[in-house]
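Peer 1: Please read through the structure below; I'll follow up with questions.
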Amino acid sequence: MGKLCNVESPDIIIVGAGVAGSALAYSPGEDGRRVHVIEKDLTEPDRIVGELLQPGGYLKLIELGLEDCVSEIDAQRVLGYAIFKDGKSTKLSYPLENFLSDVAGRSFHNGRVQYKTRAAKELGAYAPLTIVCDGCFSNLRRSLCNPNVTINPSPILFYPISSTEIRCLVDVPGQKVPSVSNGEMARYLKTAVAPQVTTVHFKQYLCEFLN
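Numbering (UniProt numbering), first residue to last: 1 to 211.
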């Protein structure tokens, strides 16, 4: 551990400045508490996390007065899910009629705000309460539990992240991820994933992208 920070000791330390950590830091800060947010990397994430905000999460942003965080970033309203399996389909809509305000989900590009920082220095920080929000690769969560859920076929999720882009989320079961450089990933997507996509336009788009 490096030397202690020379600023006044914080009341709360939050590890991780993603969607959860940043929103969580706002509320105690507004109450006058000293909050120290620690984030190891402020570059835009190159992975599918934090892009689809469920209605409950957006409702919390409204309660915190942070709904403008998803304004003017081309965020897309999400009203529910359409499920396709074995030639059949159904819709699962969010129960939005129970709310007076627009609390539909929001999907967007995550992490497109970047900052320039000074040269890194190793510092130590201590607080009565530390909250860990370090994301999908959390070392803390991995040390507490290691869930392994294998589904065959694996689920596929399409959702908009802007008015012109759609994200395709594919689960690759197992510990070994097919290589992109030698073409294994493209072959896996063509043979294992594309046949599962029943919507004509999505299947056509996926096949064209892989060719």
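The C-beta atom is built at its ideal place from N, Cα and C for all residues, glycine as well. This structure is a prediction, so every number in the text was calculated from the model and none was measured.
Mind reading off the beta-carbon distance from residue 107 to residue 159? Whole number of angstroms is fine, and I expect it under 8 Å.
Peer 2: With a Cβ gap of about 5 Å, residue 107 and residue 159 count as contacting.
Peer 1: Determine contact between the stretch 75–93 and the stretch 126–135, defined as no fewer than three beta-carbon pairs at a distance below 8 Å.
Peer 2: Output reads no: the stretch 126–135 does not touch the stretch 75–93.
Peer 1: Please report how far the alpha carbon of residue 162 lies from the alpha carbon of residue 175, in whole angstroms.
Peer 2: Roughly 31 Å between the two C-alpha positions.
Peer 1: Taking 9 Å as the threshold (C-beta atoms), are residue 167 and residue 178 in contact?
Peer 2: Going by C-beta atoms, residue 178 is not nearer than 9 Å to residue 167.
Peer 1: Is residue 59 closer than 9 Å to residue 19 when the C-beta atoms are compared?
Peer 2: No, they are not a contact pair.
Peer 1: What are the residues that DSSP puts in a beta bridge with residue 40?
Peer 2: According to DSSP, residue 40 bridges with nothing at all.
Peer 1: On the CB-based measure, 16 or more other CB atoms within 10 Å of its CB, does residue 51 come out buried or exposed?
Peer 2: Answer is buried; the Cβ neighbour count reaches 16.
Peer 1: Residue range of the alpha helix (DSSP H) that residue 62 falls in?
Peer 2: Unbroken alpha helix (DSSP H) run through residue 62: 55–64.
Peer 1: With H, G and I counted as helix, E and B as strand and the rest as coil, what does DSSP make of residue 196?
Peer 2: Looking at residue 196 - three-state DSSP - the assignment turns out to be helix.
Peer 1: If you check the beta carbons only, do residue 198 and residue 84 fall under 9 Å apart?
Peer 2: Contact flag set, yes.
Peer 1: What does the alpha-carbon distance come out to for the pair residue 115 and residue 42?
Peer 2: In this predicted model, residue 115 has a pLDDT of only 41, less than 50, meaning its place in the structure is not dependable; the value taken from the coordinates is given anyway. Each residue's Cα considered, the two are about 7 Å apart.
Peer 1: Can you tell me the Cβ-Cβ gap for residue 28 and residue 105, rounded? I've got them flagged as a contact below 8 Å.
Peer 2: Rounded, the Cβ-Cβ distance is 26 Å, inconsistent with contact.
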